[in-house]
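Numbering (mature numbering (1 follows the signal peptide of the UniProt record, and there is no 0)), first residue to last: -23 to -1, 1 to 205. Input: a single structure, listed below in structure tokens.
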């Protein structure tokens, strides 16, 4: 009986260690920002403004995602640590401004934040608790001000087309690091600026050059920057 109990304890310890390793084992983060004009122009049927109203015409946060150097990523690492809005109550107004949800039906953003924390944030628990995960991500948006960098290079969200290389160069000039640009298509099939990826080291402290770029939708040499 004693040996069975010891075996059970041993198995439970191994299971706990496996879960702990899963939540700590990653190589870097993708920090992803999204242009709302491209989100809404791609499929207007899936674009709904938040219950707080239309967001500002600025890039919004999509997420901060732990990743491996081989391009794969961990997900849903700790079901025992669900999203709890009370833990970020002091960040809510900032979240609504900089991390809004445009999915339908209209909502207050909490389901989006919950998804991001539970799928991605729980895999970074060796670095962040819930509050520091969201607080750090909000800070990164201020540090990597994409719209300001693009406008400084004369690249405006007015529906015009711009060179992909010029967009990359402008963001690198503004942030100090090479971005990955993901495009989608508007209702007429034109390639447009959709998401921008930058990378963060595994300590969650510093922007870095990306070890590997994602396999998202590639862009043409000329892409639209739609208005919003």
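For glycine and all other residues, C-beta sits at the position ideal for the given N, C-alpha and C. From a predicted model like this one, the values you see are computed outputs, not experimental measurements.
Taken through DSSP and simplified to helix, strand or coil, residue 151 comes out as helix. In the three-state reduction of the DSSP assignment, residue 45 falls in the coil class, being assigned neither a helical nor a strand state. Residue 16 carries a helical assignment under DSSP once its states are collapsed to helix, strand and coil. With contacts defined as CB atoms closer than 8 Å, residue 203 and residue 5 fail to qualify as a contacting pair. The beta carbons of residue 35 and residue 124 sit closer together than 8 Å. Distance from the CA of residue 101 to the CA of residue 77, rounded to the nearest whole angstrom, comes to 22 Å. Look at residue 98 here: in three-state DSSP terms it is helix. A check of alpha carbon separations from residue 182 across 57, 27, 104 and 135 identifies 104 as the nearest.
Taking all protein chains shown into account, residue 46 has fewer than 16 neighbouring C-beta atoms within 10 Å of its C-beta and is therefore exposed.
Its chain contains 126, 129 and 130 as the residues whose beta carbon lies nearer than 8 Å to that of residue 150, once the 5 sequence neighbours on both sides are disregarded; these appear in chain order. Straight-line spacing of the CA atoms in residue 135 and residue 33 works out to 14 Å.
Under the three-pair Cβ rule at 8 Å, the stretch 158 to 165 counts as touching the stretch 10 to 25.
The straight-line gap separating the alpha-carbon atoms of residue 143 and residue 66 is approximately 39 Å. With contacts defined as CB atoms closer than 8 Å, residue 139 and residue 156 fail to qualify as a contacting pair.
Taking every protein chain shown into account, the CB of residue 31 has fewer than 16 other CB atoms within 10 angstroms, so this residue is exposed. In the structure shown, the three-state DSSP call for residue 144 is helix. At the C-beta level, residue 86 and residue 27 come within 8 Å of one another. Counting only the Cα atoms, residue 7 lies some 11 Å from residue 186. Taking the Cα of residue 205 as reference, the smallest distance to any Cα among 79, 61 and 73 is reached at 79.
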